[in-house]
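The listed protein sequences correspond, in order, to chains A and B. According to the numbering used here, the first sequence holds residues 608 to 711 in order. According to the numbering used here, the second sequence holds residues 608 to 711 in order. Since the structure comes first, as structure tokens, the remarks are kept for the end.
Protein chains: 2
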Amino acid sequence: MESEQVVTALAALAQPTRLAIFRLLVVCGPQGMAAGQLAEKLDVSPANMSFHFNKLCHAGLVVSRQDGRFVYYAANFAAMNGMLAFLTENCCEGNACAMPVKKC
Amino acid sequence: MESEQVVTALAALAQPTRLAIFRLLVVCGPQGMAAGQLAEKLDVSPANMSFHFNKLCHAGLVVSRQDGRFVYYAANFAAMNGMLAFLTENCCEGNACAMPVKKC
DNA sequence: TCAATTATTAAACAATTATTAAAATGACAG
DNA sequence: CTGTCATTTTAATAATTGTTTAATAATTGA
């Protein structure tokens, strides 16, 4: 994963509404949740949600799929993993590591 | 760790210069690196570096300590871990997990 | 003390961002 | 088709952000 992509992904998550969206989607797993349902849960206007979905998708952290009238959004776990790996790369020059990331 | 803090931390990392600073500091480990040395390595003006250090420190991701004329900056691994944990919390509702974060 | 070095602060500006309201698209049921 | 529901797009505005330059601290050695 490249630095520029990571900056985009971090920027996508660095906003309260989008962080909330992403966390909900993380809990949902690969099946995701419909746009309207997310909007209602988070009490955000549809237009504003669309703006934020766009940022998250563009950053690659979220994917969408249409199902009838609904659009489902889901977390892209691979992208997330790539970002986390980038952030923790080569920590402590390989010495006793100070960043023992949790195992899921 | 609270959502607001996490947003601040993500925003701190969501900028090319600051991401580069942080990654260098991750490699350095707890001893850190002097401000001027970082500025030179990244080819960024001291004033601009100071601005970015400020953001990183305020976000809790970096700590500073004075040593003579020099100010050393170092990554705060605990804060980083807190942020990563927050992002991966409750993934996939506990089912077969799609976000197996790397073990360091 | 004086001058040199290291780093921070302040002010100004251009660029980006989030939010809102209104209009427009796309999908489906009747 | 027509109307309705779900979502997106557009345009406008307020707020935040990154960079530069110049000025200001803090530390040290001569």
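All C-beta atoms in this analysis are idealised placements derived from N, C-alpha and C, irrespective of residue type, glycine included. Just so you know, these numbers come straight off a predicted model, no measurement behind them.
Just the Cα atoms here: how many angstroms apart are residue i and residue j?
i, j, result
"methionine 690 (chain A)", "glutamine 673 (chain B)", "32 Å"
"proline 623 (chain B)", "proline 653 (chain A)", "31 Å"
"glycine 667 (chain B)", "isoleucine 628 (chain B)", "14 Å"
"leucine 694 (chain A)", "arginine 630 (chain B)", "7 Å"
"glycine 655 (chain B)", "glycine 636 (chain B)", "Before going further, note that residue 655 (chain B) is asparagine rather than glycine in the sequence given. Taking the straight line joining both Cα atoms gives about 23 Å."
"glutamine 638 (chain A)", "aspartate 650 (chain A)", "21 Å"
"leucine 712 (chain A)", "cysteine 664 (chain B)", "The structure shown does not extend to residue 712 (chain A), since chain A is modelled only from 608 to 711, so the question has no answer here."
Note the first and the last residue of the continuous beta strand (DSSP E) segment covering residue i.
i, result
"arginine 672 (chain B)", "669 to 674"
"valine 651 (chain B)", "It is not in any beta strand (DSSP E) - valine 651 (chain B) carries neither H nor E in the DSSP assignment."
Can you check whether the C-beta of residue i is within less than 8 Å of a C-beta belonging to chain B?
i, result
"alanine 686 (chain A)", "no"
"valine 678 (chain A)", "no"
"leucine 651 (chain A)", "The amino acid occupying residue 651 (chain A) in the given sequence is valine; leucine does not appear at that position. No, valine 651 (chain A) does not count as interfacial toward chain B."
"valine 613 (chain A)", "yes"
"leucine 617 (chain A)", "yes"
"cysteine 664 (chain A)", "no"
"serine 671 (chain A)", "no"
Where does the unbroken alpha helix (DSSP H) through residue i begin, and where does it stop?
i, result
"valine 613 (chain B)", "610 to 620"
"valine 633 (chain A)", "623 to 635"
"alanine 580 (chain A)", "The structure shown does not extend to residue 580 (chain A), since chain A is modelled only from 608 through 711, so no value can be given for it."
"glycine 689 (chain B)", "684 to 694"
Taking only beta-carbon atoms, is residue i less than 8 Å away from chain A?
i, result
"leucine 620 (chain B)", "yes"
"asparagine 661 (chain B)", "no"
If residue i sits next to residue j, beta carbons under 8 Å apart, how far is it from one beta carbon to the other, in whole angstroms?
i, j, result
"alanine 733 (chain A)", "lysine 662 (chain A)", "As shown, chain A starts at 608 and ends at 711. That puts residue 733 (chain A) outside it, with no answer to give."
"phenylalanine 660 (chain B)", "tyrosine 680 (chain B)", "6 Å"
task = Return the residues of the segment 630 to 649 of chain B that lie within a Cβ-Cβ distance of less than 8 Å from chain A, sorted by chain order.
result = Arg630, Val633, Val634, Cys635, Gly636 and Pro637
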